[in-house]
Structure formats: structure tokens, C-alpha cells
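There are 2 protein chains.
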Amino acid sequence: MNTPSFSATVNLLRAAARLEERFAGELGSVHGLALKEVLLLMHLDRAPLRRLSRVDLAKRLHVSPSTVTRMTNPLEKLGCVGREADPRDARLAYVVLTETGQKRVGEARATLERLAADLFRDRWPRSEIATLADLLGRLTAGQPGDLA
Amino acid sequence: MNTPSFSATVNLLRAAARLEERFAGELGSVHGLALKEVLLLMHLDRAPLRRLSRVDLAKRLHVSPSTVTRMTNPLEKLGCVGREADPRDARLAYVVLTETGQKRVGEARATLERLAADLFRDRWPRSEIATLADLLGRLTAGQPGDLA
DNA sequence: CCGATATACTTGCAATCGGAAATACTTCGG
DNA sequence: CCGAAGTATTTCCGATTGCAAGTATATCGG
Numbered sequence: 392m393n394t395p396s397f398s399a400t401v402n403l404l405r406a407a408a409r410l411e412e413r414f415a416g417e418l419g420s421v422h423g424l425a426l427k428e429v430l431l432l433m434h435l436d437r438a439p440l441r442r443l444s445r446v447d448l449a450k451r452l453h454v455s456p457s458t459v460t461r462m463t464n465p466l467e468k469l470g471c472v473g474r475e476a477d478p479r480d481a482r483l484a485y486v487v488l489t490e491t492g493q494k495r496v497g498e499a500r501a502t503l504e505r506l507a508a509d510l511f512r513d514r515w516p517r518s519e520i521a522t523l524a525d526l527l528g529r530l531t532a533g534q535p536g537d538l539a
Numbered sequence: 392m393n394t395p396s397f398s399a400t401v402n403l404l405r406a407a408a409r410l411e412e413r414f415a416g417e418l419g420s421v422h423g424l425a426l427k428e429v430l431l432l433m434h435l436d437r438a439p440l441r442r443l444s445r446v447d448l449a450k451r452l453h454v455s456p457s458t459v460t461r462m463t464n465p466l467e468k469l470g471c472v473g474r475e476a477d478p479r480d481a482r483l484a485y486v487v488l489t490e491t492g493q494k495r496v497g498e499a500r501a502t503l504e505r506l507a508a509d510l511f512r513d514r515w516p517r518s519e520i521a522t523l524a525d526l527l528g529r530l531t532a533g534q535p536g537d538l539a
């Protein structure tokens, strides 16, 4: 028999893989944005001044800083994000959410909410969904950048 | 305020990203296997006759069939898996877990269990871990290839 | 039996990612 | 003020992945 910890982690990885597979298609075709791009924009939307440095974004997205650099280039060309310097520290190059970006992330978020609701439709009482959200939230508690 | 479904899915993606990041290092340095390779071997270990076709593996791992082809090549050179033909259907090329593979996956699984236990150490009562495992399992219920 | 369709696997190609190295800037200790 | 160490960002390179195409085999309808 498996330990509960082992079952939980394996099921978690499985569920996440399925989710990404399922969300990528719809999100890309409807909004032209990848799931990871939407998550990036959502982090910006939650940040003070709607901006974050690239290393902060990297930590929140669990990707390398170089990936953030490459991800923000197309988003900048789309007008979703801008670049802003810090007057105190010239090394920093903030990624700022533009008004266009706010609009796009709002739309994509609505789609995400619908897809998320579909996942639990039928068979799931509201209380259990809340319990799941709470337990998963506790798994990443203490890290900066909670989106939930 | 976010809907519970939305919070659950976003937290799920976040937690999974963190898990993969955390497990990859230890698993790779100790056993020389990537997390995805260990999952592949675990699926084989659970299958009848310890073997699966490449498309079945692809569905269970949520990757493309070509990825399975490329993943099994190094594992075959390591002696962890073998190749077996089906006498009824010459298209099939089963991936079979060898005895070496059984040994390796057993060791890697032990490491995985330890890492999983570390994740929940302290702050988590046993009952909540079991609840989390159950809820996550329900998210992928109905699909073939449950590892938990 | 035979052609049409479907399935399993492999390979070529383009896109993506992480780590190392390079650059620029800041901070700290004298 | 000056050099050493640390941090932020970008670019280069190797590795990995999915998709489309190609090959081989199976199945189904006539």
C-alpha cells in the first residue's frame, strides 16, 4: 500500500499534467495566449503597481530568468506589457502590465474560470472544491505570489 | 473574490510546478533518472506483464508518442526496459520493464516517497494528506493508469 | 481478395527551456 | 575611493518536446 504522501504527490503531478493539456488548447485558440503567458500576466495584475522584476516573475512562475526574458518579448510586441526602469537600481527592468494587458488578462481569466468550473462540474460538491483549494494553497504557502 | 474552482486549479498548477522543481534535482543526482523517467517505469511496473505499448504510455504520461519513443531509447541502453513484439499485431512494440528496471524503479520510488513525506512533514495531520490524495485522485478518475 | 481507412511507431523540423557565460550595476569592506 | 563580491538581465548552446510526415501493419466493406 502507498503512503498518503506518495499518493497525494503522484496524483498531483498527474492532475496537473492533465490540466495543462486541457487548458492549453482552448486558451490558445480563444485568446492567442499560452497558459504560462496568462499566468505571467495574472501575477503582474496582482502585484503592486502592476509590475514585477524579471527575477521575481521567474520565482513566481517557477521558470528560469532567461525564460522570462524570452516570454516577455512577444507580450511586449502585443502591447500587453511594457518595460520600466527603476530610478534607484539601474539593473532592474520591470515588466509592467499595460491597459491592453489588463483587458487581455481579464478575458483570459474568465475563460480559465469557465474551464476550471467545467473540471468540477457534476459530482463535486462545493465544499469539497473549497477543501481542495485550501489544501493545495497550504502546499505553496509561504512562497510569494499567491494567485488564488 | 475567486471561485473555488479557479483557486483550486491555479493552486494545483503552482503546487505541481514547485514539486517538479524540487524533485528533479534529488532524483537526478541520486538515481540518474529524471522524474518523468521514473513515472514511466512506475507505469510499467503496475501494468500487467510489466509492459505497455508506446501509445498507452504516452496517454498515461500525458506526452506525445514521439516523446515516449525518445524517452525509452536511453532507458533501453541502461537496461531498464526492453522491447517486445506482439505476435498478433506487428505494429505494436511493447516497452517491457526488465529486472534491472524493477530494481531501479524500486529504489527511485523509495526516494520519491521520502521526498513526498518531507513535503508534508510537521504541519500536516495524516487525515488531511489522505483527503488531499483522495480529492486529487478523483480529478483524474476514469483515466487509465492510476499510480496511487 | 482489395482498396480505403485507421492505428502504431519513428524521424525531421521548429519552438521552448534551463544553465553557463557575458555585461552592467550595486553593495560592502577597507 | 577602490576592489571584491553579489545581483539583474540578456545571449548562446545543448537538450527536450510536440507536430507533421513517412513507413509499416491491421481492419473493414465490398
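Protein sequences appear in the order of chains U and H. The numbering of the first sequence is this note's numbering, which starts it at 392 and goes up by one. The numbering of the second sequence is this note's numbering, which starts it at 392 and goes up by one. All residues carry an ideal CB built from backbone N, CA and C; glycine is no exception. Bear in mind the structure is a predicted one, so any value in this text is a computation, not a measurement.
Spell out whether any CB of chain H is found under 8 angstroms from the CB atom of Val496/U.
Working through the first sequence from its first residue, we reach residue 496/U at position 105. Taking Cβ atoms only, chain H never reaches closer than 8 angstroms to Val496/U, which makes this a no.
So which of Pro478/U, Tyr485/U, Lys468/U, Gly473/U has the shortest CA-CA distance to Asp447/U?
Position 56 of the first sequence holds residue 447/U. Considering only alpha carbons, the answer is Tyr485/U.
If the cut is a Cβ gap below 7 angstroms, which residues of chain H does Pro395/U touch?
Taking the first residue of the first sequence as position 1, residue 395/U is located at position 4. Correct list: Arg517, Ile520, Ala521, Ala524.
Roughly how many angstroms separate the alpha carbons of Thr458/U and His434/H, rounded to a whole number?
Numbered from 1 along the first sequence, position 67 holds the residue referred to as residue 458/U. Numbered from 1 along the second sequence, position 43 holds the residue referred to as residue 434/H. Approximately 31 angstroms, taken between the alpha carbons.
Flag this pair as touching only if the region 394 to 409 of chain U and the region 519 to 528 of chain H have three or more C-beta atom pairs under 8 angstroms; answer yes or no.
yes
Going along the chain, which unbroken runs of the alpha helix (DSSP H) with 4 or more residues stay wholly within the region 455 to 522 of chain U?
456 to 468, 490 to 511
Taking Cβ positions only, does Ala507/U come closer than 8 angstroms to chain H?
Within the first sequence, numbered from 1, the residue matching residue 507/U stands at position 116. Yes, contact with chain H.
According to DSSP, Leu443/H sits in a beta bridge with which residue or residues?
Walking along the second sequence from the start, residue 443/H turns up at place 52. Looking at the DSSP assignment, Leu443/H forms a beta bridge with Val486/H.
Determine the closest residue to Arg445/H out of His422/H, Ala476/H, Ala415/H, Lys468/H, with distance taken between C-alpha atoms.
Residue 445/H sits at position 54 when you count from the first residue of the second sequence. It is Ala476/H whose Cα lies nearest to the Cα of Arg445/H.
Pick helix, strand or coil for Asp525/H, following the three-state DSSP scheme.
Position 134 of the second sequence, counted from the start, is the residue given in the question as residue 525/H. Correct three-state label for Asp525/H: helix.
Give the single residue among Asn402/U, Arg442/U, Ala539/U whose Cα lies nearest to the Cα of Leu503/U.
As a first step, residue 503/U must be located in the first sequence, where it is residue number 112. Of the listed residues, the one whose Cα sits closest to Leu503/U is Ala539/U.
Just curious, the alpha helix (DSSP H) that Pro535/H is in, first and last residue?
Looking up residue 535/H in the second sequence gives position 144. It is not in any alpha helix (DSSP H) - Pro535/H carries neither H nor E in the DSSP assignment.
Under 8 angstroms, Cβ to Cβ, is there at least one residue of chain U near Ser398/H?
Mapped onto the second sequence, residue 398/H falls at position 7. Chain U contact via Cβ: present.
If you measure from the beta carbon of Gly528/H to each beta carbon in chain U, is any gap under 8 angstroms?
The sequence position of residue 528/H within the second sequence is 137, counting from 1. Chain U contact via Cβ: present.
Kindly list, in the order they appear in chain H, the residues whose Cβ is closer than 7 angstroms to that of Ala407/U.
The residue you call residue 407/U lines up with position 16 of the first sequence. Here the neighbours are Leu403, Leu404, Ala407.
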